[in-house]
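Residue numbers (full-length UniProt numbering), protein chains in the order written: chain A, 1 to 140; chain B, 1 to 140. All C-beta atoms in this analysis are idealised placements derived from N, C-alpha and C, irrespective of residue type, glycine included. Keep in mind the model is a prediction, meaning the values are calculated, not measured.
There are 2 protein chains.
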Amino acid sequence: MLTRIDHIGIACYDLDVTVEFYRRTYGFEDVHVEVNEEQGVREAMLKINDTGDGAASYLQLIQPIRDDSPVAKWMAKNGEGVHHIAFGTDRSVQKEADYIADEGVRVLYDTPRKGSMGSLINFLHPKDCHGVLTELVQKG
Amino acid sequence: MLTRIDHIGIACYDLDVTVEFYRRTYGFEDVHVEVNEEQGVREAMLKINDTGDGAASYLQLIQPIRDDSPVAKWMAKNGEGVHHIAFGTDRSVQKEADYIADEGVRVLYDTPRKGSMGSLINFLHPKDCHGVLTELVQKG
Numbered sequence: 001m002l003t004r005i006d007h008i009g010i011a012c013y014d015l016d017v018t019v020e021f022y023r024r025t026y027g028f029e030d031v032h033v034e035v036n037e038e039q040g041v042r043e044a045m046l047k048i049n050d051t052g053d054g055a056a057s058y059l060q061l062i063q064p065i066r067d068d069s070p071v072a073k074w075m076a077k078n079g080e081g082v083h084h085i086a087f088g089t090d091r092s093v094q095k096e097a098d099y100i101a102d103e104g105v106r107v108l109y110d111t112p113r114k115g116s117m118g119s120l121i122n123f124l125h126p127k128d129c130h131g132v133l134t135e136l137v138q139k140g
Numbered sequence: 001m002l003t004r005i006d007h008i009g010i011a012c013y014d015l016d017v018t019v020e021f022y023r024r025t026y027g028f029e030d031v032h033v034e035v036n037e038e039q040g041v042r043e044a045m046l047k048i049n050d051t052g053d054g055a056a057s058y059l060q061l062i063q064p065i066r067d068d069s070p071v072a073k074w075m076a077k078n079g080e081g082v083h084h085i086a087f088g089t090d091r092s093v094q095k096e097a098d099y100i101a102d103e104g105v106r107v108l109y110d111t112p113r114k115g116s117m118g119s120l121i122n123f124l125h126p127k128d129c130h131g132v133l134t135e136l137v138q139k140g
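Below is the structure:
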């Protein structure tokens with residue numbers, strides 16, 4: 001079952017500048033930064049609020065670190081902006097993805113991959129989700 | 001102060017079909033539907049989780065009800081997808097907007113307007129927010 005908005009993924013040209021924008025403009029200070037080599041991005045998780053399932057909701061700011069990363073290709077077309085949304089699940093992300101695949105939605109990876117802060121993730125095809133690239137997150 | 005992700009605003013062609021997609025695929029059942037004549041949309045709020053500030057996070061599905069509504073114009077260019085993100089504030093939305101305007105971000109309305117479920121809202125210009133149309137919400 002999906003129990004929270006885990007994060008909103010926002011693609012940006014310069015991670016440090018964008019983190020500073022969110023800090024200065026809104027006061028979001030709780031920031032975790034890491035590089036995800038597999039996804040080809042450097043990313044910052046800005047915690048916004050606690051959630052009723054004992055986890056939290058974040059903004060995930062994403063800067064591509066190579067031109068052939070999926071996010072770089074998306075930005076070449078769309079520029080900066082909301083790239084995806086992510087829901088947290090209370091079961092294994094594999095089980096959640098299998099359940100959703102049974103509803104006729106394409107799941108992008110055969111097996112879950114590494115997400116932010118030790119999480120396991122998978123993605124659902126935006127064309128099967130009314131235009132929204134949708135991520136499933138099992139907390140790390 | 002911004003205390004939560006209030007909602008993610010998602011533009012869609014057919015509200016009923018999209019609400020049913022989110023219900024069938026993810027099990028999101030808690031739905032409030034209303035028409036916002038001023039914004040020119042019919043919208044459904046799908047509650048996803050409670051938030052630490054005593055409120056909740058929603059998906060807001062939006063279908064334009066006239067061709068000259070801002071969402072209809074956005075969809076003519078972008079199709080279905082994430083249209084905006086919204087943060088909840090614990091002070092008046094006017095105060096929050098004034099504070100943010102002082103940081104050099106353009107606020108779209110001179111005075112707050114009516115949002116979902118009796119809320120008061122304003123928007124920040126996406127060009128000043130790294131490509132993200134950003135809404136401020138004072139709970140109704």
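Taking Cβ positions, are residue i and residue j nearer each other than 9 Å?
i       : j       : result
E96(B)  : L133(B) : no
L120(B) : V105(B) : no
Q94(B)  : N122(B) : yes
Q63(A)  : R91(A)  : no
L46(A)  : D30(A)  : yes
N36(B)  : G118(B) : no
L61(A)  : A44(A)  : yes
I100(B) : G9(B)   : no
T18(A)  : T51(B)  : no
V107(B) : V82(A)  : no
C129(B) : F21(A)  : yes
Comparing C-alpha positions only, which one of the options sits nearest to residue i?
i       : options                          : result
E34(B)  : I65(B), R91(B), T89(B), M75(B)   : I65(B)
D98(A)  : D110(A), G52(A), G88(A)          : D110(A)
G54(B)  : A44(B), Q39(B), T89(B)           : T89(B)
Y4(B)   : P126(A), H83(A), Y26(A), E38(A)  : It is Arg, not Tyr, that sits at residue 4(B) in the sequence shown. Among P126(A), H83(A), Y26(A), E38(A), the Cα nearest to that of R4(B) belongs to Y26(A).
E7(B)   : V19(B), E37(B), S57(B), L15(B)   : Residue identity differs from the one stated: residue 7(B) is His in this sequence, not Glu. When each option's Cα is compared against that of H7(B), the closest is S57(B).
G131(A) : D14(B), M1(B), L2(B)             : D14(B)
H32(B)  : V82(B), T51(B), L59(B)           : L59(B)
R24(A)  : M1(B), R24(B), E20(B)            : M1(B)
K39(A)  : P112(A), P70(A), N78(A), K127(A) : Note on identity: in this sequence residue 39(A) is Gln, with Lys being the wrong assignment. Per the Cα distances, P70(A).
K139(B) : K127(B), P112(B), P126(B)        : P112(B)
Which chain E residues are close to residue i, counting only those with a beta carbon under 7 Å from its beta carbon?
i       : result
V132(A) : Absent from the structure is chain E; the protein chains it does hold are A and B.
Would you mind giving the Cβ-Cβ distance between residue i and residue j, rounded to the nearest angstrom? I have them listed as a contact below 8 Å.
i      : j      : result
E80(B) : C12(B) : 5 Å
**Request:** Determine which residues of the stretch 88-119 of chain A have a Cβ less than 8 Å from any Cβ of chain B, and write them out in chain order.
**Result:** I100, E103, V105
**Request:** Quick one: which residues of the stretch 3-30 of chain B get their C-beta closer than 7 Å to a C-beta of chain A? List them in chain order.
**Result:** T3, R4, I5, I8, I10, C12, T18, F21, R24, T25, Y26, G27
**Request:** Quick one: which residues of the stretch 52-76 of chain A get their C-beta closer than 7 Å to a C-beta of chain B? List them in chain order.
**Result:** G52, D53, S57
**Asked** Whole alpha helix (DSSP H) runs in the UniProt domain "VOC" (4-139) of chain A with 4 or more residues, listed along the chain?
**Response** 15-26, 70-78, 93-101
**Asked** What residues from the stretch 36-50 of chain A come within 8 Å of chain B, judged by C-beta to C-beta, listed N to C?
**Response** I48, N49, D50
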